[in-house]
Amino acid sequence: MVITSPVVREKPQPSLYDVAVEQFNIAADVIGLDDDLRRILSTCKRELIVHFPVEMDDGSVQVFTGFRVQHNLAAGPSKGGIRYHPDVTLDEVKALAMWMTWKCAVMGLPYGGAKGGVQVDPKQLSQNELQNLTRRYATEISLVIGPHTDIPAPDVNTNPQVMAWILDTYSMHRGGVAIPGVVTGKPLLLGGSAGRLEATGRGCVFAVEEAARAYGIELAGARVVVQGFGNAGSVAARLLHELGCLVIGVSDSQGGIWNPRGLDIPAVIQHKRQTGTVINFPNAENVSNAELLELDCDILIPAALEGQITRENAPRIKARLIAEAANGPTTPEADRILFDRGIIVLPDIYANAGGVTVSYFEWVQSLQHFYWTEREINSRLKEIMARSFHAIREVAERYRVHMRTAALALAIQRVAEITRLRGIYP
Ligand code: NAD
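Residues 734 to 1159 (my numbering) are what the sequence shown spells out, left to right.
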């Protein structure tokens, strides 16, 4: 007799774009959006897929796949980062582009949303190969990008140098004079903005400060956990440390560290710089990323990748406040669990919008060739983060919904209104 094990049918995981559309529909229900606008706003306007060859250092040629998706252009040029990751898919880029539309709208920026990506592990490439890949990808997507149409920025595994290569490639196709408005997050010498590198982490901390004031959380001595110690996470951890919070846990892709008495964050940054990771930091215990998320703390900042807080771990999350520095770190099922448990979630489209807001400042400066001081940048960012927090909270209270749905409802309402005003062409 042959004994076969029972077939376990797992519920298929929703794709990231499914999650984005589900969140959209929940918010659209709240504001009673009509079906026509629902169809328009839940669809990406342009999806460009490019396959392109790159000559490697050993003389061989590899073909890479990249994407640039523009979700919406109603309010102005589209804006969104470019990520280099082996697992990037069109579905993921579509979701991220849609979130960019809502992110820009919730902050009141005159932009639509876009996103790009290349299926590549940049750590496997030499600098020369990375440059060749970037220049060829930039050429392929130059059909749709431009300072008045679609403006890329850095995202996971891309940085100011990558933006400089995109700027140069785009400019060389037009005679060579630098066209700084085509990208943001570029080096300062090429027209980058003071404060841009730190803007996502800083904006997230401004959001935490607003929420702490509104919900009566004392920041001095508050215990903070940060998942992901890259651009967004390390800056948020450092600024919260400077504000007197106890940052008790941080992690990166190799794992996390924990000290209930608080970590010396500048020393952790130094340790990461020297060893390439936060783990094995002296005076701290190594923990897994799964354990890190469930540590006893007041404030949790997911600042790594999407899909980290799920229906499995949401019941065990102990934080009172979650500020999503990462894009899409919480699944819709986890959202419901956190809401029922009274945990406040500052949603990604608001909590990490500091990056795109300072990108907007950078773009304005690039177009005008007139540059602001870091103090001006930070104070304007603080003002916009505060204004948006109160606008979202007002919608949350009016409709009795959580902050994610409120932020989406506010954003969708704004883009719907612009779409109505512009009308359907022809
Ligand atoms: P980054 O590449 O600088 O840092 C990512 C960090 O996450 C690294 O420390 C990496 O080791 C860590 N990480 C990767 N996988 C992990 C895992 N499974 N568990 C724990 N840590 C892990 O990227 P970033 O720019 O800081 O972006 C992080 C998140 O913030 C992304 O979701 C990104 O979309 C979002 N974001 C970034 C910006 C920005 O301006 N940089 C703006 C808006 C949103």
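Glycine included, every Cβ here is placed at the ideal spot set by N, Cα and C.
Cβ-Cβ distances below 6 Å link H784 to V796 and T798 in the same chain, with the five nearest sequence neighbours on each side left out; the list follows chain order. Within the DSSP bridge table, the entry for K812 names G846 and I884 as partners. Within the model, the alpha-carbon separation for G989 versus L996 is close to 12 Å. Taking I981 as the centre and dropping the five residues before and after it, the same chain places the C-beta of R956, V957, V958, W991, N992, P993, R994, G995, L996, L1028 and C1030 closer than 8 Å to its C-beta, in chain order. In this structure, A897 sits near P920, with a CB-CB distance shorter than 8 Å. Looking at the backbone, the Cα of N865 and that of W1096 are separated by about 25 Å.
Taking 7 Å as the cut-off, the C-beta of G1088 counts as close to a heavy atom of the ligand NAD.
V839 places its beta carbon 8 Å or farther from that of I884. The beta carbon of E1066 sits closer than 8 Å to the beta carbons of T1043, R1044 and A1047 from its chain, once the five residues preceding and following it are set aside; these are given in chain order.
When distances are taken from the beta-carbon of A1059 to the heavy atoms of the ligand NAD, the shortest one is below 7 Å. Taking one beta carbon from each stretch, the stretch 759-777 and the stretch 1143-1152 have 3 or more pairs nearer than 8 Å; the two touch.
According to DSSP, residue pairing for W835 in a beta bridge does not occur. Annotation: A927 is outside any alpha helix (DSSP H) and is labelled neither H nor E by DSSP. The criterion of a C-beta distance shorter than 8 Å is satisfied by S926 and F1094.
Shortest gap from the CB of N1111 to any heavy atom of the ligand NAD: 7 Å or more. Short note on D985: C-beta closer than 7 Å to some heavy atom of the ligand NAD. In this model, Q1041 and G909 are separated by some 43 Å (Cα to Cα). With a threshold of 7 Å, the Cβ atom of V958 does not count as near the ligand NAD, since no heavy atom of the ligand is closer than that.
Here A1084 is buried. Its C-beta has 16 or more other C-beta atoms within 10 Å.
Judged by their CB atoms, V851 and L781 are not nearer to each other than the 8 Å cut-off. Contact check for A808 and I1151: beta-carbon distance about 5 Å, within the 8 Å limit, so the pair qualifies. In this structure, DSSP gives Q803 an extended state, which the three-state scheme calls strand. The shortest C-alpha to C-alpha distance from I998 to any of S967, P819 and D820 is the one to S967. A straight-line Cα-Cα distance of about 20 Å links D790 and I899. Rounded to the nearest angstrom, the gap between the Cα atoms of A1124 and V1020 is 38 Å.
Taking 8 Å as the cut-off, the beta carbon of L979 is found closer than this to the beta carbon of G954.
Along the stretch 1001-1077, the beta strand (DSSP E) occurs as fully enclosed runs of 3 or more residues at 1018-1020, 1032-1035 and 1054-1056, listed in sequence order.
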